[in-house]
Amino acid sequence: MENNQEVLLRVEHLCQFFGSTKAVNDVSFDVKKGEVFGLVGESGCGKTTTGRSIIKLYDITSGNIYFKGIRIGAGLMSYRVAIREAKKSFKEKAKTADAASRSALKSERDRIIHEQKKQMKAAKYDRKHCDKEYAEQQVALVKGKYLPLISAARGEKQRTLRSEYRNELRKAKKARLVTKIQMIFQDPSASLDPRLTVREIISEGLIIQGEKNKELINQKVDEMLETVGLVREHAGRYQHEFSGGQRQRIGIARSVIMQPELIIADEPVSALDVSIQAQVINLLNDLREHLGLTVLFIAHDLSVVKYFSDRIGVMYFGEMVELASSDELFLNPLHPYTRSLLSAIPLPDPEYEKKRKRITYNPLAEHDYSVDKPTMREIKPEHFVKCNQAEYEKYLAQLK
Ligand SMILES: Nc1ncnc2c1ncn2[C@@H]1O[C@H](COP(=O)(O)OP(=O)(O)O)[C@@H](O)[C@H]1O
Ligand SMILES: [Mg+2]
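Residue numbers (this note's numbering): 729 to 1128.
Dropping the structure here:
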């Protein structure tokens, strides 16, 4: 992957707390256009919450999420904390200050509060209006495409164009940026309504988007079924008539019909038989190549993401602990948690298997963060590890 590739999704200091549970705690990463970014970590480490935060199922606690350069998610906690800190710091310092410096401290405090409030307002505005901004862009695109065509055309041709234009314009006005991000879930049967036919399931998003042309909808559903390796005869059936792998294909069709630019695949093969897993992975890979999709691929172990991902982020207990290209991560795993994940992967090599020792990760024994706290640091270009200064030096030496 080239470094200068366009960033499609930027997750910046994302925090998502549920009461005292810090499900995601200060996680940052970019997903570049066209790549597969693997997000890996054991069950409960915050992967699904990260995905759900990106598709705006929550008002995130803190941090920013940018998609196609537009801020779609913005949390407020960091601004509130900064205001609280400013007030606290003023109180502390004011105790011992004389009148003149007290007044200077006060105006410094007020300046900080004013600035943070301004940013908070901007955050609230962006997360509410990101769709509006996108819809305006889409309306402009539709006008730019159709108006010249309409004025150049005559008669029947012009009437057809006019009606197409009205249809497209209506959809553009309702366009929502987040529909360009689609999520595929682990358990397809739980996410597909059992009372709907496959056709109804796959076309639902289009209808919500404002598509009214039945013929077009049916044609798209048929195309989609073929794209995901099913047949059009399947359209009239219900999900219980299908196998797990086929159901996941239906789930993929339902997402892909929305012409997403980013797919978040949340453990899409974890519930499937091993023999079926590779087929579904291959399908996702084909789709990415043919449709130019970008994929955020979530998994609980590294074996599934190894060959499929360009870059991998490893999460542990709500935090990102290591981030590197897939090759680099397998060649030079640095964080002890990454090493323990790697040691869990069996390989079809009897000699290796005889020697393979599972490493368990015990954070308290591994790190001393009592004084020097860890931060995400770049150990070598594009390889980041969460570590403190002493560990940083150790990792650098290890790479030599
Ligand atoms: N809606 C929620 N309310 C409260 N806690 C939640 C909610 N969703 C997730 N959690 C908690 O957040 C943590 C991360 O969960 P999750 O993102 O589902 O992890 P993963 O997908 O990596 O298995 C877990 O401790 C989980 O119990
Ligand atoms: Mg999950």
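Note that the Cβ used here is the ideal one computed from N, Cα and C, for glycine as well.
Since the model is a prediction, treat every value here as computed from it, not as a measurement.
Ala963 counts as buried, since no fewer than 16 other beta carbons sit within 10 angstroms of its beta carbon. Per DSSP, the continuous beta strand (DSSP E) segment holding Thr1022 begins and ends at Thr1022 to Ala1027. Within the chosen limit of 7 angstroms, ligand 1 does not reach the beta carbon of Gly803 with any heavy atom.
Looking at the DSSP output, Gln744 bridges to Val752.
By the 16-neighbour rule on beta-carbons within 10 angstroms, Lys819 is exposed. Gly797 has its Cβ no nearer than 7 angstroms to any heavy atom of ligand 1. Asp859 and Asp758 have their C-alpha atoms some 21 angstroms from each other. Beta bridge pairing from DSSP links Ser1053 with Arg1039. Asp994 is bridged by DSSP to Ile1026. Straight-line spacing of the CA atoms in Lys852 and Ala802 works out to 7 angstroms.
With contacts defined as CB atoms closer than 8 angstroms, Leu1057 and Ile1040 qualify as a contacting pair. Not one heavy atom of ligand 1 falls within 7 angstroms of the beta-carbon of Thr1066. Going by beta carbons, Ser790 and Met805 fall inside the 8 angstroms limit.
In this structure, Lys761 is the residue among Lys761, Phe746, Leu742 and Val752 with its C-alpha nearest to the C-alpha of Glu989. The C-alpha of Tyr862 is placed about 16 angstroms away from the C-alpha of Gln910. Taking 7 angstroms as the cut-off, the C-beta of Gly772 counts as close to a heavy atom of ligand 1. Membership of His968 in any beta strand (DSSP E) is not indicated, and neither H nor E is assigned to it by DSSP. If you ignore the 5 residues before and after Val735, its C-beta comes within less than 7 angstroms of the C-beta of Asp758 and Lys760, all in its own chain and listed in chain order. Not a single heavy atom of ligand 2 lies less than 7 angstroms from the C-beta of Asp915.
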